[in-house]
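First comes the structure, then the notes that go with it.
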Amino acid sequence: MAPPGPDSSAGVRPLLLDALYEVLLRVPAKDLCRCRAVCRPWRALLSDPRFAAAHAARHGPLVVAGRDNHRSAAAPIVDVMDLSGRVLKRVVARGSFWAVRKESVTTSHLDGVCVLVGDSKSCLLLNTATGAVSELPQGFAEEHLAPAWQNPSCSHPLAFGKVASTGVYKVLRLLHSYFHRQHQCEVTTINGSSHARWRGKKASPGCVRFNRWSRVTIDGIVHFLLGDLVVDREENAVPLRLASFDLENP
15 MAPPGPDSSA GVRPLLLDAL YEVLLRVPAK DLCRCRAVCR PWRALLSDPR FAAAHAARHG
75 PLVVAGRDNH RSAAAPIVDV MDLSGRVLKR VVARGSFWAV RKESVTTSHL DGVCVLVGDS
135 KSCLLLNTAT GAVSELPQGF AEEHLAPAWQ NPSCSHPLAF GKVASTGVYK VLRLLHSYFH
195 RQHQCEVTTI NGSSHARWRG KKASPGCVRF NRWSRVTIDG IVHFLLGDLV VDREENAVPL
255 RLASFDLENP
């Protein structure tokens, strides 16, 4: 077979834009970034907000997974992965993060920001986009300084979200006493101020038990799955319930 001549490519038609659009929609985001350097038309397509929205709708959300690598200040502690398990980014939290012991990662994440829990009195906020670590206010709200709320038997689950109308980020903390069968709520605003503090927030009526790992924030409202006991017998069955907290309220 003779090698192609210099004019053999003359009859090759360029890939139609619609076909290119559909092909690039299927490419993972990390690989798609390299395609911006192919040519100007490709760069223009990939920079189009409508293409970005369509690509985000087709591809699933990223999964943020916590790591603990020998508690070294230089060690990566968070991997950002896609749903296939491929690590897209490794985030390093330096310095003050390791001043907090008993650290664990909460399930809350929003806009590339993840809340990292230290203990009941000391919490840190890790920005997975930049690796910056911010310390949340120490202690409790003035209304909740009683020893009952600081007892080791109390649980203090956190939730992180953004107020839909203002775009302000807030952290909600619940104080739940197993012995007294009571709960309180408090909130702090993430604004970079050194004067930030926890503020008491009106709690829902009645005695509830909160599941630490069953919560979600949607449009500035935090929903907690309550820890109701479900009885097997049909006549005594208790349905699972939700407790909702609007972050827009002070």
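Following this note's numbering, the residues of the sequence shown are numbered contiguously, the last one being 264.
The C-beta atom is built at its ideal place from N, Cα and C for all residues, glycine as well.
Restricting attention to R54, R57, A43, the CA atom closest to the CA of H73 is found in A43.
Between L189 and H237, the gap from beta carbon to beta carbon reaches 7 Å or more.
The DSSP assignment places complete beta strand (DSSP E) segments of no fewer than 3 residues inside the segment 34-82 at 77-80, in order along the chain.
Distances from the alpha-carbon of D32 to those of F65, C47, S61, R54 put F65 closest.
From the listed residues S191, T180, S179, A146, the smallest Cα separation to P166 is found for S191.
Judged by DSSP in its simplified three-state form, D32 adopts helix.
Around the beta carbon of Q198, 16 or more other beta carbons sit within 10 angstroms, so the residue counts as buried. In this structure, DSSP gives E262 a state outside helix and strand, which the three-state scheme calls coil.
A residue is called buried once 16 or more other Cβ atoms fall within 10 Å of its Cβ, and E200 is buried on that count. Burial is judged here by how many other beta carbons sit within 10 angstroms of a residue's own beta carbon; G234 has at least 16 and is buried. Distance between L102 and T142, taken at the CA atoms: about 12 Å.
For K215, the enclosing beta strand (DSSP E) stretches over residues 213-215. Counting other Cβ atoms within 10 Å of its Cβ, P171 reaches 16 or more and is therefore classed as buried.
Scanning R104, K184, A217, L239 for the CA closest to the CA of Q196 turns up A217. DSSP, read as helix, strand or coil, puts H209 in coil. In the structure shown, H170 falls within a coil segment according to DSSP collapsed to helix, strand and coil. G175 is positioned such that its CB atom lies closer than 7 Å to that of L261. The beta carbon of A178 lies closer than 6 Å to those of D233, G234 in the same chain, with the five residues before and after it left out. For E200, DSSP records a beta bridge to R187, G214.
Cβ atoms of R229 and W212 stay farther apart than 8 Å, at about 18 Å. Residue pairing of A257 in beta bridges, as defined by DSSP: F238. Beta-bridge analysis with DSSP links V147 to L140. V92 sits buried, since 16 or more C-beta atoms from the chains shown fall within 10 Å of its C-beta.
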